[in-house]
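Position in the sequence shown (from 1) plus 58 gives the number in this note's numbering. All C-beta atoms, glycine included, are put in the ideal place defined by N, C-alpha and C. Here the structure is a predicted model, which is why all the values come from computation and not from measurement. Input: a single structure, listed below in structure tokens.
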Amino acid sequence: MKSTSHYHNPYHSDAAQADNEAGVMVTLQQAVEHELGDLVALELTAERMAEDEASLLGAYLSDDAEKAKGFWHELKDELVMWEISTGQLLLSAADPTRTDWHRHGWWQSDQDLDLH
């Protein structure tokens with residue numbers, strides 16, 4: 059088989075082949091640059107999505123913390139109300155004379171000193 063250098067076809071000359079190879083290299087380089095650009099854009103989009111997700115998660119946590127804070131304040135207020143109601147119920151069941159004497163500080167026994 060003969061090499062192509064012996065033919066004098068202008069479409070198969072060394073210069074045409076070199077130009078064709080250079081064109082292929084330029085096209086390949088452009089394709090690689092385009093793919094890299096797409097990959098960089100994809101990575102930046104993924105980073106923005108992660109930042110948005112973290113921001114949304116932070117907002118959810120803040121909202122949940124505020125709701126929990128409100129819940130505990132409501133629970134505390136309700137427990138104080140129950141404590142006062144229970145105390146009043148126990149005082150109403152107790153001997154009124156003794157509770158009045160305690161309230162005014164007139165009752166002083168050794169047993170009372172141990173309680174305070």
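Assigned with DSSP and collapsed to three states, A152 falls in coil, not helix or strand.
C-alpha of T85 to C-alpha of G95: approximately 15 Å in a straight line.
DSSP places G163 in the coil class of the three-state scheme, outside both helix and strand. H92 and M83 have their C-alpha atoms some 14 Å from each other. Between the beta-carbon of L149 and that of T155 there is about 12 Å, and that puts the pair past the 8 Å contact cut.
In this model, Q88 and E79 are separated by some 14 Å (Cα to Cα).
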